[in-house]
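Have a look at the structure below before the remarks.
Residue numbers (this note's numbering): 2 to 462.
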């Protein structure tokens, strides 16, 4: 049984806590101790659970269930050796107790011995009438082994035993999705719905499988049925909105997202999508209003800040775009997408030093796109830092070997600082890789065209 706040003062839990405060030892039967321990473990109050186990075993030293709780705490605290020793003793006393096998499997799982855990759980199947829990545990162990076909079979067994086990149903679909068996998932869900036609979860999952196959009409029908089965099912409205948006039905998509907001607390996802829909409909004031609501609801959602920044960028209002991307960076200074936008906006505003720093930070955070390397290197050249630009492009060359755009720039830079041999070496590499990009020299290093060696080399192509 579970204890709740509304229970009256005669309950064993209240009596137990009073005993702890007064140090007067009171008697409880073993089942009362089990309920008390179970309550504390569910509440995450492990220290109190341990006290209850200790006192319980002092009063009922032969209780297997209390000892199994002790095992559970050992496992929770990662004291696996002690848990295993106690389980072995209990097995000698009660070799047909399925809970002993379940906890043994739990230990093996913690030790990453999932195959052995499965073997032990299969032995437990013959000892219990509650098959669903064991099937579920076996399914989870197969998931740890990435054995999705086997996992799927056992989660299906859970559903066969209990058609309302939606957790198992989700796991079945997860296995289908991982295996990219979308058509098989659709067939399974249709069979499930033949038996349980008012299951909103199954209709919702069916719709998502149709989306994966880009069968949007069927997906919409499935989400509509999910809503008929439960008109408060927020997930169905959100998925329906996404499909309508894909089909360009922006007003209907907005209506679907809006309904989801009325049913539950506002979600930043729905607010953001509504903003995007209004922007597609050219209703810019409303679009901006919903983008603002998005970042107000969830300041950590980068897509919200990016939407606002890009909105102002499209309007060529770069100062406002910069203002909002700076706000975003102040909230999350390690977001690579923020820094790339920061760099690009500063670049458009001709704030070259800030733009270069933005590209540098973008690279530091792991964005190694060639455009980032080139933009930063060209800015360093513009800022009169050819050595830093060379270092930048040499790093870029490690990611993009024999890239003509990089080689031309390195050739020009080395020639600029009068390292002629290195400059000609990279220039030759560039021409060999792609002679059509030779305009880079003309654009970035026009004075080098007066150099006879460079001119000869370029004209030889």
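From the three backbone atoms N, C-alpha and C, an ideal C-beta is built for every residue, glycine too.
- Annotation for residue 338: the continuous alpha helix (DSSP H) segment containing it runs 337 to 349.
- For residue 418, the number of other beta carbons within 10 angstroms of its own is below 16, and it is reported as exposed.
- Excluding its 5 nearest sequence neighbours in each direction, residue 23 has no C-beta neighbour in its own chain below 8 Å.
- The three-state secondary structure of residue 110, taken from DSSP, is helix.
- Ranking 69, 362 and 313 by CA distance to the CA of residue 94 puts 69 first.
- The beta carbon of residue 239 lies closer than 6 Å to those of 261 in the same chain, with the five residues before and after it left out.
- Check the Cα spacing between residue 307 and each of 234, 358, 282 and 333: the tightest is with 333.
- The shortest C-alpha to C-alpha distance from residue 207 to any of 220, 196 and 197 is the one to 220.
- In the structure shown, the three-state DSSP call for residue 283 is coil.
- In this structure, DSSP gives residue 231 a state outside helix and strand, which the three-state scheme calls coil.
- Taking all protein chains in view, the Cβ of residue 160 is crowded by 16 or more other Cβ atoms within 10 Å, so the residue is classified as buried.
- The alpha-carbon separation between residue 355 and residue 363 amounts to approximately 12 Å.
- In terms of Cβ geometry, residue 295 and residue 269 form a close pair [threshold 8 Å].
- Short of 6 Å from the beta carbon of residue 325, and not among the five residues preceding or following it, lie these beta carbons of its own chain, in chain order: 309 and 310.
- Going by beta carbons, residue 102 and residue 125 fall inside the 8 Å limit.
- Between residue 321 and residue 353, the beta carbon gap of about 20 Å keeps them out of contact (Cβ cut-off 8 Å).
- Under a 10 Å Cβ-count criterion, residue 379 is classified as buried, with 16 or more other Cβ atoms of the shown protein chains found around its own Cβ.
- Here residue 366 has 337 as same chain residues with Cβ atoms under 6 Å from its own Cβ, once five neighbours each way along the sequence are excluded.
- Contact annotation: residue 201 and residue 234 have beta-carbon atoms nearer than 8 Å.
- Around the beta carbon of residue 461, a 10 Å sphere encloses fewer than 16 other beta carbons of the protein chains shown; the residue is thus reported as exposed.
- A distance below 8 Å separates the beta carbons of residue 67 and residue 54.
- Of 167, 437, 386 and 411, the smallest CA-CA separation from residue 398 is found for 411.
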